[in-house]
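Student: Residue numbers (our numbering), protein chains in the order written: chain E, -3 to 294; chain L, 90 to 608. Can you keep this structure in mind? I'll have questions shortly.
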Amino acid sequence: MTLRITQGMMNIQLIRNLNNNLARIDNRQNQLATGRKINRPSDDPVGITYSLRYRSELTINAQYQRNLDMALTWLDFTDSMLNEAGNILHRAYELAIRGSNGTNPPEALYAIKQEIDELYAQMVEVANSQLNGKYVFNGQKTDVKPYDAANAAQAVTDSYQIQFEVIQGVLVPINLTGNDVFGAPNDPMNTFQILKDLSNALGNNNHTAVKNLSEKIQQRMDAILAFRSEIGARVNRVELIESRLKDMNVHLNSLQAKTEDADMAELITKLKMDENVYNASLAVGARVITPSLVDFLK
Amino acid sequence: MRSTFHGLETAKRSLFTQQTALHTTGHNIANANTVGYSRQVVNMVASRPMEAVGMSRSQVPGQLGTGVEFSSITRIRERFLDDQYRNENKSLGSWTIQKDTLEKLEAIMNEPSETGLRSVIDNFWKAWSDLSKDPENITSRKIVRETAIALADAFNLTAKQLNDLSNDLTENIAVKTTEINSIVSAIANLNWQIQRLEGLGNNANDLRDQRDLLTDQLSRIVNITVQETPQGYTINMGNINLVDGQQAAVLTADALEDAFASGDLNSGEIYGLIVSRDRYVADYKNQLDQMANAIANGPVTITIPAGTVLPEGTVLNGITYTGANRTLTSDLTVTVNGLNGLHRLGYTLESPLSAGVDFFTAKPGYSTITAESFQLNPVIANDPTKIATSMRTEGTGADERVIKGNNQLALLISQLRETPFTFTGPGSVISSGTIDDYFRSVVGQLGVQAQEANRQADNQQIILNQVEMRRQSVSSVSLDEEMANLIRFQHAYNAAARNMTAIDEMLDRIINGMGIVGR
C-alpha cells in the first residue's frame, strides 16, 4: 500500500526538516563564532582529553618561562658580582705589583695600603650583595648577612644550593656560595685574608710578602674566573632549556590548534551549503503547505 | 407486495444516510488539526431487502432493494501502530532526559574553557612554583593562599551545582508522578464513559481518541503495556497495575523508586530521571570527591633530598625521626598522604620553629574531605605565614631556627602537579595518575556518555517519527480526501432529493391525474 499523505503530515515533516536544517546552521555558527570545533566534551570525547592536556601544558610552560627568567636574573646578577670581584682583585694585583717594588718610599706604600683597605671594604660589599633583598652568596640563608667587615676572612657561608624548576623535573642551581667564591676560612687563599695580609705587609714595608701575596691574588683571580665560566655554562644550559621550551610551545600550540580549532574555510563552505538547503526547504514549504483541493473547488 | 410509498421511504433513507456522511465529513474537517484525532467514516450498507424468506412472502419475482442505511460510524486506526508508538516513546522519554542531564553536567564541568576547575588547579600549582622562587616573600604566600581559596571555591561550587541538579531531578520525579496520577485517573474515567456508551451499541470514537492520546502521553513517562478488555484499557507498568477498568492506581515517588529497584520500571522519563540522578550525577559527584580528597590526602610518592631536617617525631616508612637522625644523610623516597602529608614535613618561617599544618581540611560538620567540604585550613586562610616552604633548620633545642631561603617544600609541592597520586576511593575513574590525568579522564568519560545519549535520543526520535508518520498516514485527516468525499456525498444527497421529487411526481400522477379520463 502506498503511504497515504495528509496535509498534517506534510506540515509536521516540513517543520521537522526546517528545524533540522536550522539546528545544523546553529551548530556551524557556534563553531565559527568560537573558532573551535570542540565546544563541549561530547563534541569529541577523545579530542577533549588531548585538548585539556595541551592547555594545561601551555599554562605550565608559561610558568616555566617565568622561572627561567628569574633563574637568568640570578645568574646574570651573580656573574656581574663576580666581574666586580675580579676587577677589585685586578686593581689589588696592580697595586701589589707596584708595592712590591723596593724603590717605593714608605709614603707611597701607605697610600697603596689605604687603597687596598678600600678595596677590602668594597670586596666585603660585593660578597654581601643582595638581589631582591636576598644575600646571594649565603646559600639558602638568604636572610642572613654572610660577611662582617671586621672578620670577613673567618665568615662561614651556607653551602646549600637554591634550585629552580625550569622545566618539568629539571632543577637548576642558581647560586654560588661565598666560601667557594672567596675562599673558606683558614684557607690561605681566602680573598679577604689575602687583602688583609697585603694591607699589613704594605704597612710593614715588607716587599717580599707583598710580592708573594700578589701571586696569591693572581691565583684567586683565576679561581673567580673559573666560577664565572661555571656561571656562563649554567646560563648556556638555561638558555638551551629556554629554546627547548619555546620549541615545545610552538609544537603544543600547533597540536592544540589541530585538535580544537575549526577549519574556517570548510566551515564557511558548509554553512553556505546549509543556508542554501534551508532556503530551499523554506521555498518548498511555502509551495507545498498552501494548496489543497479547497483552492480549486468553486 | 410493495407499498405505494416504498420509493419515498427509500429516498428518505438515502437523504438521511448521505446527510450523516456529510456531517461526518464536516466533523473530520473540523478536527483536521486536533491532536490524537482519527478520521471517521460512515459505514453504509444497503438496507434489508423487502421480503425475508417465509410462508407469506409475495410471489413477485425479484428482490426489490429498500435503499441505504449506515451500520456504524468508526474511526480509522491501527492498534499495532499504537503499540509500536508507545514502545518507542518510552525509550525516547528515557534517553531525552538522560541527554538533558548530561548536557547540564557538561555545562557544570565547563570544559574546554579558561575558567573551569582545571585552570583553577593549574593556577594553584603555578602559585607554588612562584613561591619556590621567592620563599622568603610574604606576597607569594598570599598568592598561594588566594589560589588555594579559589580552588576550594571551585570544588564547593561544582559540588553545589551537582547537588542542585540532583535535587532538581528528585523534584522532577515528584512532578512526573503527579502527571502519571492525573493521566491514569483520566484514563480510568474514560474507560467508564466508553463502556457506558458502547453498551448502548455505539462506537465512542472521540472518547477513544482521547483515551489513546492520554495513553500515548503516559507511555512517554513510564514503560507500559496496554490490553483492551470489555471494561476498557488495562494498563500495567511491569507487574504493577496502573489502570484496571474504572480503577486507577495512585502512585507516589517512593513507589516509583521501588519499582525502579525491582525492575518493573525500566524505561520512560521517570526511569531516565532516576538513572540520571543515581548514575550520572552521583558518579560525577563521587569523582570530584575523589579528586578533592586525593589533593589533600591521596597517597603520593616523593623524594626528599639529603640535608633535609624533618620535624621532630615525624614517622616515615615506619621510622620515627627524632633528635640527631632528623637530618637526612641521603635522599629518602617515601609515600606521603597528599598535600597535607607533605606540608607537615616542612616549616613555616615563624620563630620559634613550627612545622606545617594540614593544608586543606574538611569544613566543620564534615568528617571527611569531599568536594563539598573542601576548604583551605582556616589557620592558613587567616595567616598566610603558616604556609610552609622550608625543609631545613639549624641549631638545636630552643635555638633551632628555620632556614628561610630553603625552597625545598615549595618545589616538591609545585612538582605534585606532575606526580601520580593513588586514588583509593570506590568508583574512581582511574586508580593512579596526576590530578590533571584524573580530571581529564572524568571529562573524557562525560564526553563519551553525553555523545552516546545524544546519539540514542536522536535515533529514538527518528524511529518515533517514522512510526508516527505511519500512524498519521492511516488516521490523520486529509483535506483533499474530505473535500472529495464532500462532493461525493453532496451529489448523492442531491440525487436522492431528485429521486424523491420523481416519486412525488409519480404519486401526483396516480392521485391527482388518474380516473379523470375523458373529462
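Backbone N, C-alpha and C fix where the C-beta goes; we use that ideal spot for every residue, glycine too. All figures in this text were calculated on a predicted structure; none of them were measured in a lab.
In the DSSP output, which residue or residues are listed as bridge partners for phenylalanine 449 of chain L?
Tutor: Within the second sequence, residue 449 of chain L is the residue found at index 360, counting from 1. Phenylalanine 449 of chain L pairs with L:Leu465.
Student: Tell me, to the nearest whole angstrom, how far the beta carbon of valine 556 of chain L is from that of glutamate 177 of chain L; I am working on the premise that it is less than 8 Å.
Tutor: Along the second sequence, one-based indexing puts residue 556 of chain L at 467. Along the second sequence, one-based indexing puts residue 177 of chain L at 88. Yes, they are in contact, since the Cβ atoms of valine 556 of chain L and glutamate 177 of chain L sit about 6 Å apart, within 8 Å.
Student: Is it right to say proline 138 of chain L is buried, meaning 16 or more other beta carbons lie within 10 angstroms of its own, or is it exposed?
Tutor: Within the second sequence, the letter at position 49 stands for residue 138 of chain L. The residue in question, proline 138 of chain L, is exposed, as its Cβ has fewer than 16 Cβ neighbours within 10 Å.
Student: Show which residues of chain L have a CB atom less than 7 Å away from the CB atom of glutamate 137 of chain E.
Tutor: One-based indexing of the first sequence puts residue 137 of chain E at position 141. The amino acid occupying residue 137 of chain E in the given sequence is lysine; glutamate does not appear at that position. Those are Ile492 and Gly494, listed as they occur along chain L.
Student: Taking a cut of 9 Å between CB atoms, which residues from the stretch 31 to 43 of chain E lie near chain L?
Tutor: Arg32, Ile34, Asn35, Arg36, Pro37, Ser38, Asp39, Asp40, Pro41, Val42 and Gly43
Student: Report buried or exposed for valine 264 of chain L, applying the criterion of at least 16 other Cβ atoms within 10 angstroms of its Cβ.
Tutor: Taking the first residue of the second sequence as position 1, residue 264 of chain L is located at position 175. When all chains shown are included, valine 264 of chain L counts as exposed.
Student: Taking C-beta to C-beta, are tyrosine 527 of chain L and valine 491 of chain L nearer than 8 Å?
Tutor: Taking the first residue of the second sequence as 1, we reach residue 527 of chain L at position 438. Taking the first residue of the second sequence as 1, we reach residue 491 of chain L at position 402. The answer is no: Cβ separation not under 8 Å.
Student: With distances taken from CA atoms, which of L:Phe105, L:Thr106, L:Arg168 and L:Lys249 is nearest aspartate 127 of chain L?
Tutor: Within the second sequence, the letter at position 38 stands for residue 127 of chain L. It is worth fixing the name first, because residue 127 of chain L is serine in this sequence and not aspartate. Ranking L:Phe105, L:Thr106, L:Arg168 and L:Lys249 by CA distance to the CA of serine 127 of chain L puts L:Arg168 first.
Student: For lysine 215 of chain L, which residues in chain E fall below 9 Å Cβ to Cβ?
Tutor: Within the second sequence, residue 215 of chain L is the residue found at index 126, counting from 1. What lysine 215 of chain L touches in chain E: Thr55, Ile56, Ala58, Gln59 and Arg62.
Student: Under 8 Å between C-beta atoms, does glutamine 561 of chain L make it to chain E?
Tutor: Within the second sequence, the letter at position 472 stands for residue 561 of chain L. Taking Cβ atoms only, chain E reaches closer than 8 Å to glutamine 561 of chain L, which makes this a yes.
Student: Could I get the ranges of all uninterrupted alpha helix (DSSP H) runs contained in the stretch 132 to 157 of chain E, with 4 residues as the minimum, in chain order?
Tutor: You should have found no qualifying run.
Student: Valine 339 of chain L lies in the alpha helix (DSSP H); which residues open and close that run?
Tutor: Reading the second sequence from its first residue, position 250 is the one you call residue 339 of chain L. First-last for valine 339 of chain L: undefined, no H or E at that position.
Student: Any C-beta of chain E sitting closer than 8 Å to the C-beta of asparagine 122 of chain L?
Tutor: Working through the second sequence from its first residue, we reach residue 122 of chain L at position 33. Asparagine 122 of chain L counts as touching chain E.
Student: Can you pull the chain E neighbours of glutamine 504 of chain L, defined as C-beta to C-beta under 7 Å?
Tutor: Position 415 of the second sequence, counted from the first residue, corresponds to residue 504 of chain L. Those within 7 Å of glutamine 504 of chain L in chain E are Glu161.
Student: Could you spell out the range, first to last residue, of the alpha helix (DSSP H) harbouring serine 239 of chain E?
Tutor: Numbered from its first residue, the first sequence carries residue 239 of chain E at position 243. Segment 203 to 256, the alpha helix (DSSP H) holding serine 239 of chain E.
Student: Within this structure, are the beta carbons of leucine 568 of chain L and valine 284 of chain E separated by less than 8 Å?
Tutor: The residue you call residue 568 of chain L lines up with position 479 of the second sequence. The residue you call residue 284 of chain E lines up with position 288 of the first sequence. No. Outside cutoff.
Student: I'd like the list of long-range same chain contacts for arginine 309 of chain L, defined as Cβ closer than 8 Å, with 5 residues on each side in sequence excluded.
Tutor: In the second sequence, residue 309 of chain L corresponds to position 220, counting from 1. Contacts found: Asn178, Lys179, Leu181, Gly182, Gly357 and Glu358.
Student: Taking 7 Å as the limit between beta carbons, can you name the residues of its chain near alanine 121 of chain L, skipping five residues before and five after?
Tutor: As a first step, residue 121 of chain L is located in the second sequence; it is residue number 32 there, counting from the start. Taken in chain order, the residues that qualify are Val566 and Leu568.
Student: Measure from the alpha carbon of isoleucine 264 of chain E to the alpha carbon of each residue in E:Arg12, E:Asn13 and E:Arg24, then state which is nearest.
Tutor: Residue 264 of chain E sits at position 268 when you count from the first residue of the first sequence. If we check each option's Cα against that of isoleucine 264 of chain E, E:Arg24 comes out closest.
Student: Between alanine 92 of chain E and isoleucine 213 of chain E, how many whole angstroms is the CB-CB distance? I'm expecting something under 8 Å.
Tutor: Here residue 92 of chain E corresponds to residue number 96 of the first sequence, with the count starting at 1. Here residue 213 of chain E corresponds to residue number 217 of the first sequence, with the count starting at 1. The pair is a contact, with the Cβ atoms about 6 Å apart (cut-off 8 Å).
Student: Determine whether the Cβ of arginine 152 of chain E lies closer than 8 Å to any Cβ atom of chain L.
Tutor: For the purposes of this step, residue 152 of chain E is identified with residue 156 of the first sequence, where counting begins at 1. The identity of residue 152 of chain E in the sequence shown is valine, whereas the question assumes arginine. Output row for valine 152 of chain E: interface = no.
Student: I want to see whether chain E comes within less than 8 Å of glycine 46 of chain L, judged by CB atoms only; does it?
Tutor: This structure leaves residue 46 of chain L out entirely; chain L is present only between 90 and 608.
Student: Give me the subset of the stretch 261 to 292 of chain E whose CB atoms are less than 7 Å from a CB atom of chain L, sorted by chain position.
Tutor: Ser288, Leu289 and Val290
Student: Mind checking glutamine 538 of chain L: buried by the 16 CB within 10 Å criterion, or exposed?
Tutor: Within the second sequence, the letter at position 449 stands for residue 538 of chain L. Glutamine 538 of chain L should be labelled buried.
Student: What does DSSP give as the partner residues of aspartate 333 of chain L in its beta bridges?
Tutor: For the purposes of this step, residue 333 of chain L is identified with residue 244 of the second sequence, where counting begins at 1. For aspartate 333 of chain L, which the question treats as bridged, DSSP gives the partners L:Thr323 and L:Gln336.
Student: Tell me which residue opens and which closes the beta strand (DSSP E) that leucine 14 of chain E is part of.
Tutor: The residue you call residue 14 of chain E lines up with position 18 of the first sequence. Unbroken run through leucine 14 of chain E is the alpha helix (DSSP H), 3 to 30; no beta strand (DSSP E).
Student: What's the gap between the Cα of threonine 304 of chain L and the Cα of isoleucine 276 of chain L?
Tutor: The count along the second sequence starts at 1 and reaches residue 304 of chain L at position 215. The count along the second sequence starts at 1 and reaches residue 276 of chain L at position 187. Each residue's Cα considered, the two are about 8 Å apart.
Student: Could you check what DSSP says for glutamine 561 of chain L in three-state terms: helix, strand or coil?
Tutor: For this step, residue 561 of chain L is matched to residue 472 along the second sequence. Glutamine 561 of chain L falls in the helix class under three-state DSSP.
Student: Report the residue ranges of all beta strand (DSSP E) runs contained in full by the stretch 120 to 204 of chain L; include only those spanning at least 3 residues, in chain order.
Tutor: Complete beta strand (DSSP E) runs here, min 3: 129 to 135 and 157 to 164.
Student: Who are the neighbours of glutamate 225 of chain L on chain E, taking C-beta pairs under 7 Å?
Tutor: Against the second sequence, residue 225 of chain L aligns to sequence position 136. Simply Lys130, Thr138 and Asp139.
Student: How is the alpha helix (DSSP H) around valine 273 of chain L delimited, first residue to last?
Tutor: Sequence index remark: in the second sequence, residue 273 of chain L carries index 184 (1-based). Per DSSP, valine 273 of chain L belongs to the alpha helix (DSSP H) from 227 to 288.
Student: Whose CA, out of L:Gly533, L:Gly604, L:Thr106 and L:Ile393, lies closest to the CA of glutamine 376 of chain L?
Tutor: Numbered from its first residue, the second sequence carries residue 376 of chain L at position 287. Taking only the C-alpha atoms, the option nearest glutamine 376 of chain L is L:Gly533.
Student: In chain L, what lies closer than 8 Å to serine 52 of chain E by C-beta?
Tutor: Mapped onto the first sequence, residue 52 of chain E falls at position 56. Within 8 Å Cβ-Cβ: Arg207, Asp211 and Asp525.
Student: At least one CB of chain E closer than 8 Å to the CB of glutamine 108 of chain L: is that the case?
Tutor: Position 19 of the second sequence, counted from the first residue, corresponds to residue 108 of chain L. Output row for glutamine 108 of chain L: interface = no.
Student: Evaluate contact between the stretch 479 to 499 of chain L and the stretch 387 to 404 of chain L, counting only Cβ atoms and requiring at least three cross-stretch pairs below 8 Å.
Tutor: yes
Student: Taking C-beta pairs closer than 7 Å, name the residues in chain L that serine 47 of chain E reaches, listed in chain order.
Tutor: Along the first sequence, read from residue 1 onward, the residue named residue 47 of chain E stands at position 51. By Cβ distance, chain L contributes Pro201.
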